[in-house]
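Residue numbers (the numbering used here), protein chains in the order written: chain A, 2 to 146; chain B, 2 to 146; chain C, 4 to 82; chain D, 4 to 82.
Down below is the structure, laid out as structure tokens.
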Amino acid sequence: MRVRVTTEALDPWAEVTAFQSDSVHLRGQFGATACFVGTMRDFNEGDAVTRLSLEHYPGMTERQLEKITVAAADRFEILDVLVVHRVGDLLANDPIVVVAVWSVHRKAAFDACRSVMEELKTNAPFWKKEYLQQGARWVDKNTAG
Amino acid sequence: MRVRVTTEALDPWAEVTAFQSDSVHLRGQFGATACFVGTMRDFNEGDAVTRLSLEHYPGMTERQLEKITVAAADRFEILDVLVVHRVGDLLANDPIVVVAVWSVHRKAAFDACRSVMEELKTNAPFWKKEYLQQGARWVDKNTAG
Amino acid sequence: MSIRVRFFASLKEQVGYSETMVSSDQVATVGDVLQQVDRASVLTGRLLYAVNMEYAKLDTPVAEGDEVAFFPPVTGGEP
Amino acid sequence: MSIRVRFFASLKEQVGYSETMVSSDQVATVGDVLQQVDRASVLTGRLLYAVNMEYAKLDTPVAEGDEVAFFPPVTGGEP
């Protein structure tokens, strides 16, 4: 399992490819990979959003993400999980988060990927501040799952 | 929407990246991408599988995949769908299929991606023949979803 | 009436060829075509049918120039 | 007793700094720490609490050297 928080531009597909190449134990074993990528939109709640600032709690974030991936591995029949989350300043179209899950069959991969995303949104200490043309605002609620 | 059947090696992440770059209408509009990749395992039902031959019905396959993606776009609030399916001779660890869905919020992307995979397994005319050490066999049933 | 008939996967191996033509005025449905091409009843297991690349049933009517296909349950997607 | 206190996101802006120290023998719980650092009640909205990077409640006990954090509901993941 790998959990990573990065201030640098996130290339979700490169992350997934690199993790898969590094994971010798997956070779020939997995039949299913479910992957989710969250990307910054240029609008939210009807307003144009020019940029986003993503704050987090270094140390606690990684700890919570690790708990989430361990819980998913306990609950679902999966082979591995990867979570990479961007922090810092983002522009529209920038990927924010990637969650990828490997398993033998597709059901576990889909279920676990979705579950990790829901837990991440509920329990990982990240906060979004949106910059609009007329100022900035903290995003104060999550989108429904 | 793009549907493609290929006899060449399938790089799922390259397909998703290329489609996303080509899709100007997605820029800044999508917040969620759900992606599923099916990959050949080196075992099935307890037996070592050395290679796989994937047959299809050219013309009908594309038509059925298009119907499946149109149905998903009707049923779920999604922005776009990509389906690429490999045919021909495959070795263990070769990607077989990639389904990717773009939407504003994650629920629709997850639901549609899963639905397309289920429909594909039920309705798209592909047939797998597995080569074992002691001979070959047609795979005669799908895995449960 | 002239119908192009195609076989896929295990059915192709059972009949020994991938396609044939049926020319007869006695065929009105997919079931009639099946009887014509499988007089010896070599096709076993569950069969699926398509007419002009759309799924069909045994009682689906066929017309001059149609393409009728017989194949086993499909197994695409991930393993 | 000496406790490191951290604020994140909107709470950091409300108090005007990202961290402070509380040194007092009067603090036994997260709630006590909160009272110490927010005498003027500037913190508004729903608050979450963590002790040593684990989620906590107002009545969670605190000990010498602990790190206590206050922050608003989290909003990670996709937009």
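Beta carbons are placed, not taken as given, at the ideal position from N, Cα and C, and that holds for glycine.
Since this is a predicted model, take the numbers as computed values, not measurements.
Cβ neighbour criterion (16 or more within 10 Å) applied to residue i
i	result
B/K129	buried
B/V25	exposed
B/L92	exposed
D/M24	exposed
C/T47	exposed
A/K122	buried
C/E67	exposed
B/E9	exposed
B/G32	buried
CB contact check: residue i to chain D, cutoff 7 Å
i	result
B/A33	yes
A/K108	no
Beta bridge counterpart(s) of residue i as assigned by DSSP
i	result
B/I97	B/I97 is not bridged to any residue.
B/G136	B/L133
A/G39	A/V98 and B/A33
D/S26	D/S5
A/H57	A/F127
B/I79	B/S104
D/A59	D/Y52
D/E1	Nothing about residue 1 of chain D can be reported from this structure: the residues present for chain D run from 4 to 82 only.
B/R5	B/V85
C/T32	C/P64
Neighbour flag for residue i against chain B, beta carbons, 7 Å
i	result
C/S21	no
C/V77	yes
A/D75	no
C/A1	Outside the shown range of chain C (4 to 82) lies residue 1 of chain C, about which nothing can therefore be said.
Residue i - DSSP class collapsed to helix/strand/coil
i	result
A/H26	helix
B/F111	helix
C/P64	strand
A/D48	strand
A/F20	helix
A/G89	strand
D/L51	strand
D/V45	coil
B/T144	coil
B/T62	helix
B/L11	coil
Neighbour flag for residue i against chain C, beta carbons, 7 Å
i	result
B/L66	no
B/M2	no
A/R115	no
B/L80	no
B/W103	no
CB contact below 7 Å: residue i versus chain A
i	result
C/P82	yes
D/M56	yes
B/F224	Because chain B spans 2 through 146 in this model, residue 224 of chain B falls outside it and cannot be assessed.
Contact list for the segment 84-96 of chain B against chain G, Cβ threshold 8 Å: Although the question refers to chain G, the structure presented lacks it and instead comprises the protein chains A, B, C and D.
field: Contact between the segment 74-94 of chain A and the segment 15-26 of chain A (3+ Cβ pairs under 8 Å)
entry: The segment 74-94 of chain A vs the segment 15-26 of chain A: in contact.
message: Assess contact between the segment 36-50 of chain B and the segment 89-109 of chain B, defined as three or more Cβ pairs (one per stretch) separated by less than 8 Å. Is contact present?
response: At 8 Å Cβ cutoff, the stretches touch.
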